[in-house]
Amino acid sequence: MSLWLRISAVLTLIALALMVWSVIVPTPLPVMLAMTVGQGIGTAAFAIFGWVVFKDLTRKRRERRDSLQNIAASRDSLQNIALTKDEP
Amino acid sequence: MGFDLLAAITIGFAAISAVLVLWYLLRRPLLTRATKVVLLFGIGLLPIGVATTGNYAGFEATKQRRFCGSCHVMTPYATDSGDPKSTTLAARHGRNAMFGDENCYTCHADYGMFGTVKTKLGGLRHVYHYVLTYHDMPLEEARKTIHIRQPFKNETCMHCHSTYTPGFGAVPDHVSALERVRTGAVSCASAGCHGPAHPFTKDLKEVE
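Keeping their order, the protein sequence lines are chains A and B. Once you know that position 75 of the first sequence is 839 in the numbering used here, the rest is easy, because the numbers rise by one and skip nothing. Once you know that position 185 of the second sequence is 340 in the numbering used here, the rest is easy, because the numbers rise by one and skip nothing.
Here you go:
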C-alpha cells in the first residue's frame, strides 16, 4: 500500500511540474503538455490515492468486524463454560 | 512573461502541494487519519486548484500574440502586427487598446456560443500542421505556402464595425457595397477594399 502511495506522490510531483512549466513558459508545447499529460498524470495520482485510502478503510473495517466477532465468540464460549460448571 | 495573479496562485498552490508530498516521501509516516488528510490536500485538492488556475492561465496565454508568434512560421505576422510603425491592417488593429497583445486572437477567433471551442480546435489543427509540415520549413518558403484556411469572414470585422454607424455610412464605397459587405459577397479584406491584413505574405499581383 505504501508503495502505491509513494508512486502516487511521485506522479503528483511530475504533474505539478508540468502544470507549473506551462504557466512559467506559456508556449504551445508546455501548455498542451500541461493540459493533456500533466492533468492525466495528476488524475491518475489522485485515483491511486483514493484507491489506497479506500482499501485501507475497508481493511480496518474488516479487522474491526473480525475483532468484534472474536470477542462475541469468546464471550459465548465463556458463557458455555460457566453453564457447564453450574450443571450438577 | 507577464507575471499575473493567476500564475502566482497556480505556483503557490503547486509549491504547497509539493511541500506536503515531499514531506510524505521523505518522512514516510504511517497512514493515519492525519496523514490521509495531509495527502488529500497534497495529492488531491491543491493539485486540482493548480489544474484549474493553470488551465485558465493557459487559455489566457493562448490568446497572446507572443503565443501565436512562438512558432517560427508565424514570427513575421506577430512581429508586424506588434510593430508600432507598421501601417498594415493587422498592425493598426494591434495598436487599438481593444486588441492590444491579443490582436491575433481577437481577429481570428470564431464568435458565437461555441466560438471559443471552435477556435481552440482550430488551434490544435495549427499545431498538427506545424508539427507535420512546417516545423522544418524555412521561413521564406513557409511565407509563400501558408494561407488562411477559409476566407476571412466579414462577420469578424462587423463584430466591431457594425456597418450601421453614421461614420461607416459616410464612406461612399461602404454605401455602394453595403449589402454585399453584410452578406459577405465582398470581403472587407479584398484587394479593392482594405486589402489583406498581412500584405507582406501576399504576392504583389494578389495585393493589386
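Where is the CB? At the ideal position from N, CA and C, for every residue including glycine.
Between the CA atoms of residue 264/B and residue 273/B - distance to the nearest angstrom: Stepping through the second sequence from its first residue, residue 273/B is reached at position 118. Stepping through the second sequence from its first residue, residue 264/B is reached at position 109. The alpha-carbon atoms of residue 273/B and residue 264/B are separated by roughly 8 Å.
Integer-rounded CB distance, given that residue 287/B should sit under 8 Å from residue 820/A: For the purposes of this step, residue 820/A is identified with residue 56 of the first sequence, where counting begins at 1. For the purposes of this step, residue 287/B is identified with residue 132 of the second sequence, where counting begins at 1. The Cβ separation is near 47 Å, so there is no contact.
Presumed contact (8 Å Cβ cut-off) between residue 172/B and residue 194/B, rounded CB distance: Within the second sequence, residue 172/B is the residue found at index 17, counting from 1. Within the second sequence, residue 194/B is the residue found at index 39, counting from 1. Wrong, their Cβ atoms sit about 10 Å apart, outside the cutoff.
Span separating the alpha-carbon of residue 270/B from that of residue 767/A: Sequence index remark: in the second sequence, residue 270/B carries index 115 (1-based). Sequence index remark: in the first sequence, residue 767/A carries index 3 (1-based). C-alpha separation (whole angstroms): 46 Å.
CB of residue 779/A within 8 Å of CB of residue 811/A, strictly: Position 15 of the first sequence holds residue 779/A. Position 47 of the first sequence holds residue 811/A. Contact flag unset, no.
Cβ pair residue 301/B, residue 228/B closer than 8 Å: Within the second sequence, the letter at position 146 stands for residue 301/B. Within the second sequence, the letter at position 73 stands for residue 228/B. Taking 8 Å as the Cβ cut-off, residue 301/B and residue 228/B qualify as a contacting pair.
Residues, ordered as in the chain, of the region 174–188 of chain B that lie near chain A by beta-carbon distance below 8 Å: 176, 177, 179, 180, 183, 186
Other residues of its chain near residue 783/A: CB distance less than 8 Å, five sequence neighbours each side excluded: Sequence index remark: in the first sequence, residue 783/A carries index 19 (1-based). Only 798, 802, 803, 806 meet the Cβ criterion.
Test: residue 222/B CB closer than 8 Å to a CB of chain A: Here the question's residue 222/B lines up with position 67 in the second sequence. So yes, residue 222/B belongs to the interface.
Rounded distance between the beta-carbons of residue 349/B and residue 243/B, thought under 8 Å: Here residue 243/B refers to the residue found at position 88 when the second sequence is read from its first residue. Here residue 349/B refers to the residue found at position 194 when the second sequence is read from its first residue. That pair is no contact at about 10 Å.
Euclidean distance between Cα positions of residue 256/B and residue 326/B: For the purposes of this step, residue 256/B is taken as the residue at position 101 of the second sequence. For the purposes of this step, residue 326/B is taken as the residue at position 171 of the second sequence. Approximately 29 Å between the Cα atoms of the pair.
Nearest-angstrom Cα separation, counted from residue 192/B out to residue 837/A: Reading the first sequence from its first residue, position 73 is the one you call residue 837/A. Reading the second sequence from its first residue, position 37 is the one you call residue 192/B. Approximately 36 Å, taken between the alpha carbons.
Chain B residues whose Cβ lies nearer than 7 Å to that of residue 822/A: Position 58 of the first sequence holds residue 822/A. Within chain B, no residue comes near residue 822/A; the closest Cβ sits about 13 Å away, beyond 7 Å.
Reference residue 188/B, options 824/A, 781/A, 832/A, closest by Cα: If you number the second sequence from 1, residue 188/B lands on position 33. Looking at the Cα atoms, 824/A is the closest of the given residues.
Burial state of residue 254/B, where buried means 16 or more other Cβ atoms lie within 10 Å: As a first step, residue 254/B must be located in the second sequence, where it is residue number 99. Its Cβ being crowded by 16 or more others within 10 Å, residue 254/B is buried.
Within chain B, partners of residue 806/A - CB distance below 9 Å: Here residue 806/A is taken as the residue at index 42 of the first sequence, counted from 1. Those within 9 Å of residue 806/A in chain B are 198, 202, 203, 205, 206.
Buried/exposed call for residue 792/A, threshold 16 Cβ in 10 Å: On the first sequence, position 28 is the one that residue 792/A refers to. The residue is buried, with at least 16 neighbouring Cβ atoms inside 10 Å.
Whole runs of the alpha helix (DSSP H) within the region 297–344 of chain B, excluding any shorter than 4 residues: 309–313, 321–324, 327–331, 333–338
Endpoints, alpha helix (DSSP H) assigned at residue 783/A: Looking up residue 783/A in the first sequence gives position 19. Taken as a continuous stretch (DSSP letters only), the alpha helix (DSSP H) holding residue 783/A covers 766–788.
Chain-ordered neighbours of residue 770/A on chain B, where CB pairs are closer than 9 Å: Numbered from its first residue, the first sequence carries residue 770/A at position 6. Those within 9 Å of residue 770/A in chain B are 179, 180, 183.
Residue 217/B, enclosing alpha helix (DSSP H) - first and last residue: For the purposes of this step, residue 217/B is identified with residue 62 of the second sequence, where counting begins at 1. It is not in any alpha helix (DSSP H) - residue 217/B carries neither H nor E in the DSSP assignment.
Backbone secondary structure at residue 356/B - three-state DSSP: Position 201 of the second sequence holds residue 356/B. If DSSP states are grouped into helix, strand and coil, residue 356/B belongs with the helices.
Test: residue 213/B CB closer than 8 Å to a CB of chain A: What you label residue 213/B is simply residue 58 of the second sequence in a count that begins at 1. So yes, residue 213/B belongs to the interface.
Outcome for residue 328/B when other beta-carbon atoms lying within 10 angstroms are tallied against a minimum of 16: Within the second sequence, numbered from 1, the residue matching residue 328/B stands at position 173. Answer is exposed; the Cβ neighbour count stays below 16.
Residues of its chain near residue 241/B, where Cβ-Cβ distance is below 7 Å and the 5 sequence neighbours each way are ignored: Working through the second sequence from its first residue, we reach residue 241/B at position 86. Hits under 7 Å: 235.
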